[in-house]
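Every number in this note's numbering is 1494 more than the matching position in the sequence shown, counting from 1. By construction, the Cβ of each residue, glycine as well, lies at the ideal position given by its N, Cα and C atoms. Remember, it's a predicted structure, so these values are computed and weren't measured experimentally. Worksheet: one structure, shown below.
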Amino acid sequence: MKATTLKKKPAASKKTSPSFDAIYIKGARVHNLKNVSVAIPRNKLIVVTGVSGSGKSSLTMDTLYAEGQRRYAESLSAYARQFLMRMNKPDVDYIKGICPAIAIEQKVISGSPRSTVGSMTELYDYLRLLFARVGKTYSPISGQEVKKQDVNDVVEFIAGLPAGSRVQLLVPLKRHARRSQKEELEILLQKGFSRIYTLPAGETGKKAKAAAGGEVIRIEDWQESGSSRLPAQTYVLIDRLVAKDFDEDDRHRIADSIQTAFYESEGDCIVEVQGDRLYSFSNRFERDGMQFEIPVPNLFSFNNPYGACPECEGFGQVLGIDPELVIPDKRLSVYEGAIACWRGEKMKEWNEALIRNARKFGFPVHKPVAELTPEQYKELWTGNAYFDGIDAFFKMVEENLYKVQYRVMQSRYRGRTTCPSCGGARLRPEALYVKVGGADIAALVAMPVERLRAWFDELALTDYEQQVARRILIEVKHRLKTLTDVGLGYLTLNRVANTLSGGESQRIQLTRSLGSNLTNSLYILDEPSIGLHARDTLQLIGVLKELRDLGNTVVVVEHEEQMMKAADHIIDMGPLASHLGGEVVFEGNYEQILKDKNSLTGGYLSGRLRIDPPARLREWKRSVTVEGARLHNLKDIDVTFPLGVLCVVTGVSGSGKTTLVKQILYPALKNQLGDMAGKPGPHRVLGGDISEIAQVELVDQQPIGRSSRSNPVTYVKAYDEIRGLFARQPLSKMRGFQPKHFSFNVDGGRCDTCKGEGEIVVEMQFLADVHLTCESCGGRRFKDEVLEVTYRDKNIHDVLEMSVDEALDFFKKEKEVSRKIQPLSDVGLGYVKLGQSSDTLSGGEAQRVKLASFLGRGRVQGHVLFIFDEPTTGLHFNDIKKLLGAFDALIAQGHTILVIEHNTDVIRCADWVIDLGPEGGEGGGQLLYEGPPQGLKKVKKSYTGKYLP
């Protein structure tokens, strides 16, 4: 079969020729690519597929995108080019027809508690701008709009009066505590003011109040009259004029007078019309005795000290008394002891006081706390004239903290809780006084994206506001539409980044990149369907087709069958991984790949090859149960997780899978086992055979190491054996080399220039950092004298450059090294280099390295519950088969595998399936089914059941 493939390859290459309508790659040799030549049609949706390690990313990211980036760099300034010219050019003869390239890679997004869906998609930045430009501020006291008037407002008011109207501009007379009335008047004369205006006692001078008996008096006359005291309502006359059709000079004169009035009174200007009416204007932003902040974008930023809530500093949470700990089970009533801190022998008197007096104010002590009205629940905390509430109880506890028992009690009920000052909005109160369409910014970011999109469609603005906000609204609506189209319509913009699943993070990154709406560009996407349910993949395909129809070339590295069906062109890399791959096995459309016998992908798509479910399901007798799970959208569900089997949690995107498993089950189990893993989400009880579990391991898509020097061979502990092997070589003994000399983590044998990194990072300030090969060691990481030590004619750098499969063959006589490396091959990572930096691994690859490390430990003492979050990320059908084999090996050792997954092959091979749904977000969170996979097909509400073969 190999011979046939090699014969056919040149023929396939001849079919492709340089074309005006194609990007032509000639002679690509990056990594394992074997002199590949291929034509990528322009303005089409192209899927590049193949087994993991076959060269997909080498062709798309490391050749096509790298060359596009390099050519862009050539257009930059000399300062930037002095670094960028040293960037390695992809090992390729030439690339013709390339256009500006944008890559959307698999990267784990920030886990910062300040990062939210809104900030990651840039939607929140546009909302801040919208509120700063067209937001209206409303007083919390009267509910009336707060307006700041300027000189032009007063000019237009006067110009709009009936012709011939006599107008006087006034300002209130200031009265300083340290100056006498005589001194005030002298100062006015020195400033050039000669008249004052007085009202009889009792007149307020507010807008539209009659100014009966108002009198204009010369200041000098008043001084000569010898009057002892000015009336309370005394004003300084700034100017007098008659309303008419003002010309430009008149307007300038009036504006100067009004400006003088605002300056003298520090913000006030009063217009008297026809001697009987006063109209008040103010250029201060205030109302109802309150001074308000002028809306600017930073006022709405919780990452800026100006806008952040001063109590929680923009986090939305503070360390305080946690209501979930105080009332852990809201299905109990007060009479049944729902308030946990009032259950003790001594503290129950607080509970009894409430029960005893409840009838006096109509409080339902027998009703479950969950069914209380918001007012009754608040009363439980604040108390009233008849009983002291929970707040008063904890105030008493705080006053007695000098006693150890009270310190213990307080610590038992303390936790991260919603900030009482901002209510979780993260912003200072002044920011929430500003509204657009009757809603403040906190209300908008708390809406699910689908509902927010509908809200913006119905938003009514004035013509002026439409002009100001037109560009902002275009960007907001486009991004909301993209979020909905990629299956994330159930998320809210205030959802914190570190609570998202791996698939959700990837699609948010996709939304951010697609929001720019570029044309005539090359988009390269690395598995955008990660974490998507089969139902939602069709929406994603629609987004990619829309991108293509704008005039872009969309290249997708993908294994998803639906994506291949929708593609205009498919390129299949292979035939296998690593040194056995790197060739174009197939080029053509979906119908053609089904008939191609040399394509492994075509074999699985056509059904010639397949992943068969087990002939018999494993039986189980023990389980762990979560009762009353109700975090985020979970609807108070009870779920059973069997032990000793392969259990799959599935459901459409946003149905609550990650919430149930990673945010409730995992931390609750860890806490029960004595390993504190944070606070689990709200649930009633964790029960079942917990004593059967010795430890819980979460195998997610986080990077395997924080350092760029971390790599697969160190993570599986095989590098210790390899270093020891090199230290035992004769030349090492002669030179006194120890295992540490072959480590790139400590000084001794590593290169002193790059500290064992093999590269130097240049910070570019305005561009992404540039990684340059170290000139001292040539990227080989070690000093020359260390590299002279060899084992079977290979030095330590050569070994680190080997793929896992090559290393297995090379070290076949070193049983301990082979034993530790073998699991990497077993989980489908035979193509990965031993020394490949961890920050170049995809999320799926990092997850499988972790799995390999567990497999390599041999038999672990006790029963381990392994939790995997979408482990098929980045896996070809053939690799999924290997992964399932690795799962079987762990289960055979007596462990449990719990998987969050959408892949239908994995679901079919499970022993127990838990399906959540039916929809995402508010429409999800229900337990639709738990049982063997085949039974899921009968559940009408289940979308998963419809897609199961």
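| Asked | Found |
| --- | --- |
| Can you find at least 3 beta carbon pairs, one from the region 2136-2146 and one from the region 2407-2417, that sit closer than 8 angstroms? | yes |
| In this structure, does DSSP put I1635 in helix, strand or coil? | coil |
| So, helix, strand or coil for E1697, using DSSP? | Caution is warranted here: a pLDDT of 47 is assigned to E1697, below 50, making its placement in the model unreliable, and the coordinate value is therefore given only provisionally. Reduced to three states, the DSSP call for E1697 is coil. |
| Using the Cα positions of I1589 and L2044, report the straight-line distance between them to the nearest angstrom. | 23 angstroms |
| Determine the DSSP secondary structure at F2080, reduced to helix, strand or coil. | strand |
| Is there contact here, the region 2103-2114 with the region 2073-2090, by at least three beta-carbon pairs under 8 angstroms? | no |
| Would you verify that the beta carbon of L2088 is, or is not, closer than 7 angstroms to some beta carbon of chain B? | As a matter of chain content, chain B is missing from the structure shown, which is built from one protein chain. |
| At what residue ranges does the region 1789-1839 contain a whole run of the beta strand (DSSP E), taking only runs of 3 or more? | 1811-1815 |
| Taking C-alpha atoms, which residue in N1777, A1834, L2088 lies nearest to S1759? | N1777 |
| Can you tell me whether Y1958 is buried or exposed? The criterion is at least 16 other CB atoms within 10 Å of its CB, across all chains shown. | exposed |
| Three or more beta-carbon pairs under 8 angstroms between the region 2289-2298 and the region 2225-2233, yes or no? | no |
| Just the C-alpha distance for Y1800 and Q1904, rounded to the nearest angstrom, thanks. | 33 angstroms |
| In terms of residue numbering, what span does the alpha helix (DSSP H) encompassing V2400 cover? | 2398-2402 |
| In terms of residue numbering, what span does the alpha helix (DSSP H) encompassing S1674 cover? | No alpha helix (DSSP H) holds S1674; DSSP gives it neither H nor E. |
| To the nearest angstrom, report how far apart M2067 and A1936 are at their CA atoms. | 48 angstroms |
| When you compare only the Cα positions, how much space is there between S2436 and L2422? | 7 angstroms |
| Going by C-alpha to C-alpha distance, which of N2165, C1806, G2150, D1782 sits closest to V1640? | D1782 |
| So which of G2273, V2280, N2205 has the shortest CA-CA distance to K2234? | V2280 |
| Leaving out five residues on either side along the sequence, give the residues of the same chain with a beta carbon under 7 angstroms from the beta carbon of Y1880. | N1851, K1854, F1855 |
| For P2471, report the span of its beta strand (DSSP E) as first-last. | Only positions 1495 to 2443 of the chain appear in this structure, which leaves residue 2471 out of reach. |
| Mapping the DSSP letters down to three states, classify D2130 as helix, strand or coil. | coil |
| Ignoring anything shorter than 4 residues or poking outside the region 2342-2410, list the alpha helix (DSSP H) runs there in chain order. | 2371-2386, 2398-2402 |
| Put K1501 into one of helix, strand or coil per three-state DSSP. | Residue placement at K1501 is poorly supported in this model, since its pLDDT is 36, which falls under 50; the coordinates still yield a value, given next. Three-state DSSP puts K1501 in a helix. |
| Quick one: what does DSSP say Y2325 is sitting in, helix, strand or coil? | coil |
| Return yes when the Cβ of G1814 is within less than 7 angstroms of the Cβ of T1876, no when it is not. | no |
| For the candidate residues S2100, G2036, R1920, V1863, whose alpha-carbon lies nearest to that of V1820? | V1863 |
| One question on the structure: do G2250 and F2238 come within less than 7 angstroms of each other, judged by their Cβ atoms? | yes |
| Decide yes or no for the touch test of the region 2181-2189 against the region 2111-2118: beta carbon pairs closer than 8 angstroms, at least 3 of them. | yes |
| Looking at the unbroken alpha helix (DSSP H) that takes in V1990, where does it start and where does it end? | It is not in any alpha helix (DSSP H) - V1990 carries neither H nor E in the DSSP assignment. |
| DSSP on K2211, reduced to helix/strand/coil? | coil |
| Straight-line CA distance for I1690 to R1723? | 13 angstroms |
| Are the region 1522-1532 and the region 1550-1570 touching, with three or more C-beta to C-beta distances below 8 angstroms? | yes |
| Enumerated in chain order, which unbroken segments of the alpha helix (DSSP H) with a length of 4 residues or greater are wholly contained in the region 1697-1760? | 1713-1719, 1742-1759 |
| According to the neighbour-count rule (16 or more other Cβ atoms, all chains shown, within 10 Å of its Cβ), is Q2330 buried or exposed? | buried |
| On a Cα-Cα basis, can you pick out the residue from P1914, V2179, Q2189 that is closest to A2171? | Q2189 |
| Give me the DSSP bridge partner(s) of K1630. | K1929 |
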